[in-house]
Amino acid sequence: MKRFTKRKAKMTKSEITKITTQKQKGRYNIFVDDEYAFSVGESVLIRYRLAKGLEVTPELRKQLEDADHFSRAYQLALHYLEHQLRTRWEIQKYLRDHEVSPAYQKQILYQLAEMGYVDDLHYAKSYVRTAANTSTKGPTVIRRKLREKGVKDDVIDAAMQEFQSDKRRENGLKLAQKLAKRYHRRSFVDQKRRVKQGLMTNGFSGDDATAIMEKLDLERDENAEDSALATEGEKVYRRYARRYEGRERDQKIKQALYRKGFTLGDINSFLAQKEDQNDN
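Using the numbering used here, the first residue of the sequence shown is number 2, and each one after it goes up by one.
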């Protein structure tokens, strides 16, 4: 009778047999049992002390892959922060657009905040100071821009303390002077109206706009007014002369020029001149 002997199966361990560098800086190829298995970043390599001969269990491999995914997402966020400050909302949106998981987004934002790399109050104060010193944006526009970047209202309120009324009105006056030059060919009334509208469109409150207009102290220039009326009057006259005649035409012209800020006295003088020209 033959005797059968039970042989013990030899258990083999999977272990790292080689580590090579990739062309991409800071990335490493990990070979397990002489075959390429996965790659990791330098931070994961150091953290887990990966070296030739280290046993790689399925559990460890899963940990390494998860850690590497997180590390790559974190590096992505750092790269996004390289050239300028960002808000929490901007970073979260960037990570979401790059399909980083919500759990990783939360963890990355926490770590960035701990390191001082993301701070919405610091961002908002910096934005307000820059806007105040390099632009003619008013408070309302600045607030809207910060809200678009996801900054909360209470943080914006705190940051806006950097933009005091004297500085606001100084900036507003610079803008008003530019606008006054742009509209100098219009009637005096229309010029003032457009300058004030321009201030409010650029984010200055009604109170600020009124104070700025008082400081601008525009004065009516009769020669400029006559020139503006001649230019606008000719345009309006041609427009209505094609379709109307006599009193109806003159009434349409008066209404149009009055809306543009010219006085009825000046408009009547213009129409009288046109009548004389037509008679001749």
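Cβ atoms here follow ideal geometry from the backbone N, Cα and C, with glycine treated the same way. None of these values were measured; they are calculated from a predicted model.
Distance CB(residue i)-CB(residue j) smaller than 9 Å
| i | j | result |
| --- | --- | --- |
| arginine 186 | isoleucine 213 | no |
| leucine 219 | leucine 200 | no |
| serine 44 | valine 33 | no |
| asparagine 203 | lysine 138 | yes |
| glutamine 256 | leucine 217 | no |
| isoleucine 47 | phenylalanine 39 | no |
| arginine 148 | aspartate 154 | yes |
| valine 101 | leucine 65 | no |
| isoleucine 17 | lysine 53 | yes |
Beta-carbon proximity list for residue i, same chain, < 8 Å, skipping 5 on both sides
| i | result |
| --- | --- |
| valine 1 | Residue 1 is absent from the model: the chain starts at 2 and stops at 281. |
| arginine 194 | Gly262 |
| threonine 22 | Arg28, Tyr29, Asn30 |
Neighbour-count burial assignment, residue i, 16 or more Cβ in a 10 Å radius
| i | result |
| --- | --- |
| arginine 183 | exposed |
| tyrosine 37 | exposed |
| serine 166 | exposed |
| glutamine 274 | exposed |
| glycine 262 | buried |
| aspartate 209 | buried |
| asparagine 279 | exposed |
| asparagine 172 | buried |
Residues sharing a beta bridge with residue i, DSSP
| i | result |
| --- | --- |
| asparagine 30 | Thr21, Ser40 |
| glutamate 249 | None; glutamate 249 has no bridge partner. |
| glutamate 16 | Glu56 |
Residue i in three-state terms, based on DSSP
| i | result |
| --- | --- |
| glutamate 56 | strand |
| valine 237 | helix |
| methionine 2 | Low local confidence applies: a pLDDT of 45 at methionine 2 is under 50, so the model's placement there is unreliable, with the coordinate-based value given in what follows. Coil at methionine 2, not helix or strand. |
| asparagine 279 | helix |
| glutamine 165 | coil |
| lysine 7 | Residue placement at lysine 7 is flagged as unreliable, the pLDDT there being 47, under the threshold of 50; a coordinate-derived value is accordingly withheld. |
| glycine 151 | coil |
| serine 136 | coil |
| valine 142 | helix |
| glutamine 274 | helix |
Same chain, Cβ closer than 7 Å to residue i, five either side skipped, listed in chain order
| i | result |
| --- | --- |
| glycine 234 | Leu258, Phe271 |
| glycine 27 | Gly42, Glu43 |
| lysine 11 | Unreliable placement is indicated for lysine 11, whose pLDDT of 46 sits below 50; the coordinate value is still reported in the next sentence. Cβ neighbours of lysine 11 beyond the five flanking positions: none. |
| lysine 268 | What sits at residue 268 in the sequence shown is isoleucine, not lysine. Closer than 7 Å at the Cβ level, and outside the excluded window around isoleucine 268, lie Lys255, Leu258, Tyr259. |
| lysine 168 | Ala133 |
| tyrosine 105 | Phe71, Ala74 |
| lysine 253 | Tyr241, Tyr245 |
Same chain only: Cβ atoms within 6 Å of residue i, ignoring 5 sequence neighbours per side
| i | result |
| --- | --- |
| alanine 160 | Ala125, Lys126, Val129 |
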